[in-house]
Amino acid sequence: MALVAILFGGKASAGIMLPMLMLGDLIAIFQYGKQGKFRDVLKLLPAAVMGIAIGAITGNYLDDKQFKALLGIVVLICLGLLIYREIAKRVLPLPKNPIFHWMVGAVSGFSSMVGNAAGPIFNVYLLSQDLTKNKMIGTTAWFFLLMNIVKLPFHIFMWRTVTWGTLRYMLLMIPFIALGSWMGIRFVRKINEVWYKRIIMIMTAIAAMRLFI
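Under my numbering, the first residue of the sequence shown carries the number 3, and numbering increases by one thereafter.
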């Protein structure tokens with residue numbers, strides 16, 4: 003994503019990447035979709051749609067760097083609490099208040115639309131639930147596929163970043179997406195639950211820190 007953003011610019015790169023991300027989501031759903039927590043996805047989706055719509059409207063006026071820095075701070079704080087929970091062996095229950103789930107959904111939708119930056123915040127949300135690796139992947143795939151489907155009309159008709167030209171890039175990348183998915187599936191099969199969550203935490207921390215760049 004970073005290389006595409008350098009070559010084509012932030013907004014254009016989001017349009018180029020969107021069909022590729024959707025293809026990757028479909029492959030993940032084919033493999034792990036039955037194990038995903040679809041009810042959790044449905045809890046978050048209405049707020050995510052609202053966040054996407056707000057992001058599409060305000061995307062041209064938002065200070066992208068400031069927003070990403072704020073999101074990075076929130077993710078790192080949440081991740082710090084999760085790490086503390088692991089070290090101290092203390093239970094930090096997920097808030098049951100519907101407002102909390104709406105906030106997660108709205109922030110995920112908004113940050114996905116304006117900067118493809120929903121991954122870190124959604125990873126923290128899932129890590130806090132102590133899901134198995136397959137449930138995490140399945141839930142993530144469903145949530146992001148549905149969000150990306152909602153984003154698609156905004157990219158086509160409003161931002162005009164998805165065109166027949168950008169779809170050609172996806173066709174060229176299909177072999178690499180398929181290879182990457184195959185390697186990812188094999189990797190997930192071999193790694194245990196503890197190390198999978200540790201790797202997700204590390205990758206989330208790296209992704210959060212990249213938001214400051």
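Every residue gets a Cβ at the ideal spot worked out from N, C-alpha and C, and that includes glycine.
Classification of residue i by the beta-carbon crowding that lies within 10 angstroms, buried from 16 upward
| i | result |
| --- | --- |
| A4 | Only weak support exists for where A4 lies, its pLDDT of 47 falling under 50; the value from the coordinates is given anyway. So A4 ends up on the exposed side. |
| D65 | exposed |
| M22 | buried |
| I176 | exposed |
| N150 | buried |
| I75 | exposed |
| A90 | exposed |
| Y34 | buried |
| G117 | buried |
| D132 | exposed |
| F156 | buried |
| G38 | buried |
| L181 | exposed |
Integer-rounded CB distance, given that residue j should sit under 8 angstroms from residue i
| i | j | result |
| --- | --- | --- |
| L20 | I179 | Not a contact, Cβ separation roughly 13 angstroms. |
| A210 | L81 | 7 angstroms |
| A153 | I54 | Note that residue 153 is Lys in the sequence shown here, rather than Ala. Contact flag correct, Cβ pair sits at about 6 angstroms. |
| T163 | A14 | 6 angstroms |
| T168 | I18 | 5 angstroms |
Other residues of its chain near residue i: CB distance less than 6 angstroms, five sequence neighbours each side excluded
| i | result |
| --- | --- |
| A120 | S110, S113 and S114 |
| I8 | With a pLDDT of 48 at I8, under the threshold of 50, the modelled position of that residue is not reliable, and no figure is offered here. |
Cut-off 8 angstroms between Cβ atoms - residues of its own chain near residue i, not counting five sequence neighbours on either side
| i | result |
| --- | --- |
| V190 | K135, N136, I139 and Y198 |
| I201 | I193 |
Own chain, CB closer than 7 angstroms to residue i, minus 5 neighbours either side, in chain order
| i | result |
| --- | --- |
| L147 | M24, D27, L28 and I31 |
| W144 | I31, G35, G38, F40 and V43 |
contact_flag[the region 43-54, the region 103-111] where n(CB pairs < 8 angstroms) is 3 or more: yes
Inter-stretch contact at 8 angstroms, needing at least 3 Cβ pairs: the region 123-134 / the region 56-63: no
The region 169-176 / the region 68-81 touching (three or more Cβ pairs under 8 angstroms): no
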